[in-house]
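The structure appears right after this line, and notes come after that.
Numbering (this note's numbering), first residue to last: 333 to 409.
Written out as structure tokens, the structure is:
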């Protein structure tokens, strides 16, 4: 994949706000030591996270809420 665009990622995660949240969470995971899921030399962590999403290597899971206050975060894996 030569260039990654937001449109490539929106095909996998259709909500822009969820996409931003997923990328931020994945960048934190990588910076804490998680391995990259795609080979992408010389790129910043955020670009690699976007490439992983566009390639279908990451999915967004939303857990069922335990309480009804509506404050749940989606899980990226």
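No residue lacks a Cβ here, since even glycine has one placed at the ideal position from N, Cα and C.
Take residue 382, set aside five residues on each side of it, and the residues of its chain with a beta-carbon closer than 7 Å to its own are 336, 341 and 355, in chain order. At the C-beta level, residue 390 and residue 384 come within 9 Å of one another. Bounds of any alpha helix (DSSP H) do not take in residue 391, whose DSSP letter is neither H nor E.
Nearest C-alpha to residue 388 among 374, 359, 350 and 370: 370. Distance from the CA atom of residue 360 to the CA atom of residue 339, rounded to whole angstroms, is 23 Å.
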